[in-house]
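Q: Sending over a structure as structure tokens; questions will come in a sec.
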Amino acid sequence: MGIGAGDGRGPWQLLFVLVGWFAVLLAAGPAERARRWAGRWHTAVWTGLAGLLAAGVALRPRYYAAGRWADLSDVLGVAAGLLTAGAVLVWARPPAPDSRWRTARRLASPACFWLVTGLVVAAGVAMIMAAPQPRIDVFHLLQVSAGGLFDGHDMYRQQWAPSRAEYPVYGLFDVYPYLPGTTLLLAPFHLLFGDVRYGLLAALVLAAVTVRRIAGVTAPGWQARRDTGTPGGGASPWAGTTDSDPSVPDPGVPAALPLMVLVIPGAMYALQQSWTEPLLIACLAGMVRAVRAGRPGWAVVTFALALASKQHLALLLPVAAMWPAFGPRRVLVAAGAAAALVAPWVLAGPADFWADAVTTNLGYPVRGDSLSVPGVLVHAGITTGFAPMPLALAGAYLLAWRVRADAAGFCLGAAVVLLTLDVMNKQSYFNHYTLPMALLVMTVSCRRPGHELAARPPGRQQRRRPAGQRRVENRSSEAPS
Numbered sequence: 000m001g002i003g004a005g006d007g008r009g010p011w012q013l014l015f016v017l018v019g020w021f022a023v024l025l026a027a028g029p030a031e032r033a034r035r036w037a038g039r040w041h042t043a044v045w046t047g048l049a050g051l052l053a054a055g056v057a058l059r060p061r062y063y064a065a066g067r068w069a070d071l072s073d074v075l076g077v078a079a080g081l082l083t084a085g086a087v088l089v090w091a092r093p094p095a096p097d098s099r100w101r102t103a104r105r106l107a108s109p110a111c112f113w114l115v116t117g118l119v120v121a122a123g124v125a126m127i128m129a130a131p132q133p134r135i136d137v138f139h140l141l142q143v144s145a146g147g148l149f150d151g152h153d154m155y156r157q158q159w160a161p162s163r164a165e166y167p168v169y170g171l172f173d174v175y176p177y178l179p180g181t182t183l184l185l186a187p188f189h190l191l192f193g194d195v196r197y198g199l200l201a202a203l204v205l206a207a208v209t210v211r212r213i214a215g216v217t218a219p220g221w222q223a224r225r226d227t228g229t230p231g232g233g234a235s236p237w238a239g240t241t242d243s244d245p246s247v248p249d250p251g252v253p254a255a256l257p258l259m260v261l262v263i264p265g266a267m268y269a270l271q272q273s274w275t276e277p278l279l280i281a282c283l284a285g286m287v288r289a290v291r292a293g294r295p296g297w298a299v300v301t302f303a304l305a306l307a308s309k310q311h312l313a314l315l316l317p318v319a320a321m322w323p324a325f326g327p328r329r330v331l332v333a334a335g336a337a338a339a340l341v342a343p344w345v346l347a348g349p350a351d352f353w354a355d356a357v358t359t360n361l362g363y364p365v366r367g368d369s370l371s372v373p374g375v376l377v378h379a380g381i382t383t384g385f386a387p388m389p390l391a392l393a394g395a396y397l398l399a400w401r402v403r404a405d406a407a408g409f410c411l412g413a414a415v416v417l418l419t420l421d422v423m424n425k426q427s428y429f430n431h432y433t434l435p436m437a438l439l440v441m442t443v444s445c446r447r448p449g450h451e452l453a454a455r456p457p458g459r460q461q462r463r464r465p466a467g468q469r470r471v472e473n474r475s476s477e478a479p480s
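Each residue of the sequence shown is one higher than the one before, counting from 0 in numbering that gives the first Met the number 0.
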């Protein structure tokens, strides 16, 4: 609700964000009573979530879009959100079998997934057509860098218009603030469709389908149960709930759960703005799915792609190393593969790469429209400095260590770390929060038992040769991107 209400201009949205942050910290922390309460009152919890989702779809800031295509996108997006909320509500409070509302029970069926996905795809295409040239620097830098990739141009030496006077937006003009993986993943869609946002829409759908596979809600009669942990790790993040309390029945998860990756409030707004978090969500979902399916090679590849796309994903290296099913060796291999992917651009122009991908990001001041604690405090003339950030992250890593046992623990720990980064960062906006939100959806999806590699004897673990790690940098932006 907080991030969907705007783009950070106003302190009241941060209150909702802080409430959500504290709730996540409690879920990962030692508050067993809170988790037991959530287990016993699961119907009320899911009903409340459905209500928030239904209310949130009305919060649709759609800057730079107007006309029939924008109206169509709104209608389709709202329909998808309301159907998802209805599916969760019907699952949480199913009508009686002989009720005249028996037709509504079909909403809780896994088949509803494809209907909502189709609506989201149609809404996304309509939004792209409604805003063919959004006035935001991210769109232009992704478009030009993707097109230049096929012409052999170095994205760290490009500018996004012939001159500053011809540049239609205020923001980054000759700076590429990401890592090369972002453009590499989106370039095929620019070549085929002329717009990188089709790649972001495809990544969002792929992420939802992957989360659906993780949750195991792919056929009628599915039954999801909580993951109780794996040998060699800490406590499951669900410890202290129904797994350890036989008096509380296990309610499973709704079939509509993966759809929450698609229909979060403002999803079409994020697509319109070309924000790249769908790529990261898809990569991390693929990593979790591969680990639980016993395919470590694919897990390393997808994690490496995420690391090579955005700098702040390096903060998840310790979290992945804590996960017994992934471990330090695979972390080193993934980091080495990501470094190898980025290396050609570093070698081609080390000064340009350093200036764009590192110095520019770190040099930005705290912005007053940032949806973060420093962004709100700056209005009162209070500057927090850098010290609170490492302290907050240290606490987040401690919580991630507590819940490191299984896939759910990795997703929850990663969400805690990234959410803490967003709350304490000098520039955090709507798109930054969508990644930890998706990780929380994956956390609940991982309640279905998987076949994690850590369950195998130590001697059966796949051997990997360590590789070098790349630099760790936090990402921020001059524009809300």
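Where a beta carbon is used, it is the ideal one built from N, C-alpha and C, also for glycine. All figures in this text were calculated on a predicted structure; none of them were measured in a lab.
Short of 6 Å in beta carbon distance, which residues of its chain neighbour residue 17, apart from the five on each side in sequence? Order them along the chain.
A: So no residue of the chain qualifies.
Q: By DSSP, does residue 127 sit in helix, in strand, or in coil?
A: Here residue 127 sits in helix by DSSP.
Q: Residue 288: which of 116, 179, 425 and 405 sits nearest, CA to CA?
A: Residue 405 is the option with its Cα nearest to residue 288.
Q: What is the DSSP secondary structure of residue 142, reduced to helix, strand or coil?
A: Here residue 142 sits in helix by DSSP.
Q: Where does residue 387 land, buried or exposed, given buried means 16+ other C-beta within 10 angstroms?
A: Under this definition residue 387 is an exposed residue.
Q: Pull up the CB-CB distance for residue 341 and residue 187, whole angstroms please, since I reckon it's below 8 Å.
A: About 19 Å separates the two Cβ atoms, so there is no contact after all.
Q: Start and end of the alpha helix (DSSP H) containing residue 276?
A: Note, residue 276: alpha helix (DSSP H), 276-291.
Q: When the Cα of residue 282 is compared with those of 274, 306 and 293, which residue comes out closest?
A: Cα-wise, what sits closest to residue 282 is 306.
Q: Among 82, 174 and 12, which one has its Cα closest to the Cα of residue 352?
A: With distances taken between Cα atoms, residue 352 lies closest to 174.
Q: Does the contact criterion of 3 or more C-beta pairs under 8 Å hold for the region 200-212 versus the region 251-271?
A: A contact exists between the region 200-212 and the region 251-271.
Q: Compare the Cα-Cα distances from residue 134 to each of 159, 276, 123 and 52 and report the closest residue.
A: Out of 159, 276, 123 and 52, 159 has the C-alpha closest to the C-alpha of residue 134.
Q: In angstroms with no decimal places, state the Cα-to-Cα distance between residue 357 and residue 177.
A: Their backbone Cα atoms lie some 9 Å apart in a straight line.
Q: Going straight from the alpha carbon of residue 429 to that of residue 374, what length do you get?
A: Their Cα atoms are separated by approximately 13 Å.
Q: What residues in its chain sit with their C-beta under 6 Å from that of residue 347, if we drop five residues either side in the sequence?
A: Within the same chain, residue 347 has close Cβ partners 153.
Q: What separation, rounded to the nearest whole angstrom, lies between the Cα atoms of residue 19 and residue 83?
A: Roughly 21 Å separates the two Cα atoms.
Q: Work out the CA separation of residue 416 and residue 157 for me, nearest whole Å.
A: Straight-line Cα distance between these residues: approximately 33 Å.
Q: Which term fits residue 194, buried or exposed, when burial requires 16 or more other beta carbons within 10 angstroms of its beta carbon?
A: The residue is buried, with at least 16 neighbouring Cβ atoms inside 10 Å.
Q: Have a look at 377, 69, 308 and 284 and flag the residue whose alpha-carbon is nearest the alpha-carbon of residue 270.
A: The candidate whose alpha carbon is nearest that of residue 270 is 69.
Q: What did DSSP end up calling residue 271 once you bin it into helix, strand or coil?
A: Helix at residue 271.
Q: At which residues does the alpha helix (DSSP H) containing residue 318 begin and terminate?
A: Counting along the chain, the alpha helix (DSSP H) containing residue 318 begins and ends at 316-321.
Q: Got a sec? Which residues, its chain only, sit under 7 Å from residue 168 by beta carbon, not counting five neighbours each side?
A: Counting only Cβ-Cβ distances below 7 Å, and skipping sequence neighbours, we find 134, 135, 136 and 139.
Q: How big is the Cα-Cα spacing for residue 151 and residue 73?
A: Each residue's alpha carbon lies about 39 Å from the other.
Q: Using CA atoms only, rank isn't needed, just tell me which of 190, 143 and 198 is closest to residue 172.
A: Answer by Cα proximity: 143.
Q: Within 10 angstroms of its Cβ, does residue 67 collect 16 or more other Cβ (buried), or is it exposed?
A: Residue 67 comes out exposed.
Q: Cβ atoms of residue 267 and residue 384: under 7 Å apart, would you say?
A: The answer is no: Cβ separation not under 7 Å.
Q: I'd like the span of the alpha helix (DSSP H) that includes residue 83, first residue to last.
A: That run of the alpha helix (DSSP H) goes 67-91.
Q: If we ignore side chains and look at the alpha-carbon of each, how far apart do residue 339 and residue 78 end up?
A: In a straight line, the C-alpha of residue 339 is about 44 Å away from that of residue 78.
Q: Straight-line CA distance for residue 436 to residue 15?
A: If you take the alpha carbons of residue 436 and residue 15, they lie about 13 Å apart.
Q: Can you give me the start and stop residues for the alpha helix (DSSP H) that residue 421 sits inside?
A: That run of the alpha helix (DSSP H) goes 406-423.
Q: Is there a C-beta anywhere in chain B that falls below 7 Å from the one on residue 339?
A: Absent from the structure is chain B; it holds one protein chain and no more.
Q: Just mark residue 408 as buried or exposed, buried being the case when its beta carbon has 16 or more other beta carbons within 10 Å.
A: Its Cβ being crowded by 16 or more others within 10 Å, residue 408 is buried.
Q: Just the C-alpha distance for residue 28 and residue 116, rounded to the nearest angstrom, thanks.
A: Answer to the nearest angstrom: the Cα atoms are 34 Å apart.
Q: Using C-beta distances below 6 Å, list every residue in its chain close to residue 285, excluding the 5 sequence neighbours before and after it, in chain order.
A: Only 209 and 301 meet the Cβ criterion.
Q: I need the boundaries of the alpha helix (DSSP H) containing residue 400, first residue and last residue.
A: It spans 387-401 - the alpha helix (DSSP H) in which residue 400 sits, taken as one unbroken run.
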